[in-house]
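If you read the sequence shown in this note's numbering, its first letter stands for residue 29, the second for the next number, and so on. Structure record follows, encoded as structure tokens.
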Amino acid sequence: LTTYLRRIESVSNRSVRNCPYSVTLFDYKMKCIDIVAEHDPSIVFDAENIANVAKKEAIEGKFLPGKESYLKVYLSAIGVIKRRILTKVSVGTSHGNTQYDDA
């Protein structure tokens with residue numbers, strides 16, 4: 029499974045590098061980051077790192093066709109960050125360690 033995940037990550041990186049004007053490929057890359065993080069808990073993706081992927085590769089590259097494209101790239105990155113946070117929260121609360129106030 030790890031080899032498969034590494035190949036997916038490699039393909040998404042190459043596709044974005046070779047076709048930097050495609051919003052769809054950036055979206056796939058964000059989904060690949062999410063899949064790799066979901067299946068390999070040893071890999072930690074910080075929210076800032078994910079945002080920097082979108083900023084560095086998409087926004088600073090200035091190859092995207094329009095303002096809507098930039099928005100789609102940011103929304104894709106934000107979606108991945110949101111899923112990572114919700115996954116961490118759900119894992120933390122699923123162990124029965126949550127204490128509730130009686131108020």
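C-beta: ideal position from N, C-alpha, C; glycine also.
6 angstroms Cβ shell around residue i - same chain, five flanking residues per side excluded
i       : result
Ser-40  : Tyr-56, Lys-57 and Cys-60
Ser-38  : none
Ile-109 : Ala-75 and Ile-78
Beta-carbon spacing of residue i, residue j below 7 angstroms
i      : j       : result
Ala-86 : Val-101 : yes
Ala-75 : Ala-105 : no
Sequence-distant residues of its chain with Cβ nearer than 8 angstroms to residue i (five each side left out)
i      : result
Leu-33 : Ile-63, Val-64, His-67 and Asp-68
Per-residue DSSP class, three states only, for residue i
i       : result
Phe-54  : helix
Asp-62  : helix
Lys-90  : coil
Tyr-32  : helix
Tyr-102 : helix
Whole-number beta carbon distance between residue j and residue i, since they are thought to touch under 8 angstroms
i      : j      : result
Leu-92 : Val-51 : 7 angstroms
Gly-94 : Pro-48 : No, Gly-94 and Pro-48 are not in contact; Cβ-Cβ is about 14 angstroms, not under 8 angstroms.
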